[in-house]
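Asker:
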Amino acid sequence: MLDLLKMNQYNKDILEYKSIKELMNLKKMQVLRRKNNLTQAEVAMALGVSASSVAKWETINTCPRAELLPTLADLLHCTIDDLFGRGKEETQ
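By the UniProt record's numbering, the letter at position 64 of the sequence shown is numbered 64, and the numbering carries on one by one without gaps.
1. Determine the closest residue to V31 out of S50, E58, K6, with distance taken between C-alpha atoms.
2. Measuring straight from C-alpha to C-alpha, what distance separates C63 and K56?
3. Where does V43 fall in DSSP's three states?
4. Classify L5 as buried or exposed, calling it buried when 16 or more other Cβ atoms lie within 10 Å of its own Cβ.
5. Around the Cβ of D82, are there at least 16 other Cβ atoms within 10 angstroms (buried) or fewer (exposed)?
This is the structure:
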């Protein structure tokens, strides 16, 4: 289920943070993607974005739009909080 409060907070956080490194643990996103045997192209297709967008997220050049986070978390078998380094990563 889409959590609008978390989505709104995420969008506010983006405006407040100077460094994306402080906002999301994007390196963790890459680790989770690989753990789930997904390519950047597969993640991109599932989210309706380009593979280069996913690559940029993983190299901390940019970040995914808030509305993509629920689907991204589902793909990576984690929570949105896990993507922000605020939750406990699921191991299964």
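All C-beta atoms, glycine included, are put in the ideal place defined by N, C-alpha and C.
Answerer: Put simply:
1. If we check each option's Cα against that of V31, E58 comes out closest.
2. One Cα belongs to C63, the other to K56, and the distance between them is close to 8 Å.
3. DSSP, read as helix, strand or coil, puts V43 in helix.
4. Answer is exposed; the Cβ neighbour count stays below 16.
5. Buried, because 16 or more other Cβ atoms sit within 10 Å of the Cβ of D82.
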